[in-house]
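Below you'll find the structure, written out as structure tokens, and then a few comments.
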Amino acid sequence: MAKVIILLGPPGAGKGTQAVRLSAECSIPHISTGDLFRENLKKGTALGLQAQEYMEAGKLVPDEIVLDMLFDRVGRKDCRPGYLLDGFPRTVPQAEALDRRLGADTDLLVLNLEVADETIVERIGGRLQCKACGNIQHREFDPPRKQGICDACGGELYTRKDDTAAVVRERLRVYHEQTEPLTAYYGAKGLIETVDGELSPDAVFRGLAARAGCGD
Ligand code: AP5
Ligand code: MG
2 MAKVIILLGP
12 PGAGKGTQAV
22 RLSAECSIPH
32 ISTGDLFREN
42 LKKGTALGLQ
52 AQEYMEAGKL
62 VPDEIVLDML
72 FDRVGRKDCR
82 PGYLLDGFPR
92 TVPQAEALDR
102 RLGADTDLLV
112 LNLEVADETI
122 VERIGGRLQC
132 KACGNIQHRE
142 FDPPRKQGIC
152 DACGGELYTR
162 KDDTAAVVRE
172 RLRVYHEQTE
182 PLTAYYGAKG
192 LIETVDGELS
202 PDAVFRGLAA
212 RAGCGD
């Protein structure tokens with residue numbers, strides 16, 4: 002049975018940080034819609050350029066664009082055993098489209114990272130990301146050994162364009178309005194488990210891994 006895990010949570014909750022470890026633990030690919038858009042933008046594709054204005058304004062990219070891209074990605078061979086979704090779904094229509102797409106032979110689990118808005122502002126304010134390998138660090142909570150250089154691959158660290166204070170406020174507003182209702186959506190189906198995302202990265206990982214049950 003295919004295992005599909007949705008990592009839900011506000012911007013800056015630690016979804017990307019945790020998804021890398023959880024996908025290794027569960028041996029399923031990590032699919033981040035935000036990363037897919039950023040890769041497309043880097044390559045200058047039409048899809049990337051379409052998404053750019055929404056991302057830089059802290060708005061959601063329209064559902065049709067996201068769904069086409071996501072379903073194309075999860076239709077590939079490596080996703081047959083299952084996959085870990087980071088940043089998708091983000092609206093109820095996206096969740097409904099995913100439900101229609103998933104077969105009855107899917108084991109779906111939603112892991113919700115709970116983090117307060119003040120913590121998010123602090124986390125996103127100090128985030129650094131590697132241009133080469135995508136590794137995520139933080140100026141204070143996970144400082145690079147050498148300034149501006151990724152600990153994982155030696156690539157160049159940068160600050161995402163949507164990580165400014167004004168855009169973060171908008172991303173949080175959009176999250177509360179459009180994405181938070183998904184906790185009730187999946188709650189009603191009995192599929193959601195909530196994990197305290199305020200703890201250290203290792204403690205958060207232990208909470209997620211215990212609920213994902215991949216090592217069993
Ligand atoms: P996306 O890239 O998904 O951004 P996001 O949801 O806003 O989440 P982030 O990537 O900002 O945060 P994260 O939870 O991954 O946290 P991270 O691990 O980096 O989406 C970007 C944009 O794309 C959207 O705004 C939208 O425009 C568009 N988009 C994407 N998907 C879409 C969809 N489905 N529909 C429509 N539009 C879509 O951690 C943050 C920082 O905190 C890091 O510095 C990290 O080192 C640090 N940190 C992490 N965990 C801890 C911890 N436990 N303690 C201390 N520090 C920590
Ligand atoms: Mg992320």
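Numbering (the numbering used here), first residue to last: 2 to 217. Built from N, CA and C at the ideal position, the CB exists for glycine as well.
For Cys131, the enclosing beta strand (DSSP E) has its first and last residue at 128 to 131. Taking the C-beta atoms as reference points, Thr107 is found no nearer than 7 Å to Val67. Taking each of Phe142, Glu115, Val62 in turn and checking the Cα distance to Thr184, the smallest one comes out for Glu115. In the DSSP assignment, His31 forms a beta bridge with Leu85. Residue burial is scored here from C-beta neighbours: Asp73 has fewer than 16 other C-beta atoms within 10 angstroms and is therefore classed as exposed.
With a cutoff of 7 Å on beta-carbon distance, Leu173 and Asp118 are scored as near each other. Residue burial annotation: Thr18 is buried, with at least 16 other C-beta atoms found within 10 angstroms of its C-beta. A Cβ-Cβ separation of about 15 Å leaves Ile137 out of contact with Leu85 under the 8 Å criterion. When DSSP states are grouped into helix, strand and coil, Glu65 belongs to the helix group.
Ligand 1 approaches Ala14 closely enough that one of its heavy atoms is under 6 Å from the residue's Cβ. Short note on Gly104: C-beta not closer than 6 Å to any heavy atom of ligand 2. In the DSSP assignment, Glu115 falls within the unbroken beta strand (DSSP E) covering 107 to 115. Here the alpha carbons of Asp143 and Tyr159 stand approximately 14 Å from one another. The distance from the Cβ of Asp69 to that of Pro94 is about 14 Å, inconsistent with a contact at the 8 Å cut-off. Of the residues Arg161, Glu178, Ala211, the one whose Cα lies closest to the Cα of Gly13 is Arg161. Sequence-distant Cβ neighbours of Ala210 in its own chain, meaning closer than 6 Å and more than five residues away, are Glu26. One thing to note: Asp164 has its Cβ within 7 Å of the Cβ of Arg128.
Secondary structure of Glu157 (DSSP, three-state): strand. Counting other Cβ atoms within 10 Å of its Cβ, Ser201 stays below 16 and is therefore classed as exposed. Distance check between Ile121 and each of Lys4, Met2, Gly10 places Gly10 closest, using alpha-carbon atoms only. Within the same chain, and ignoring the five residues on either side of Phe89 in sequence, the residues whose Cβ sits closer than 6 Å to its Cβ are Thr34, Leu71.
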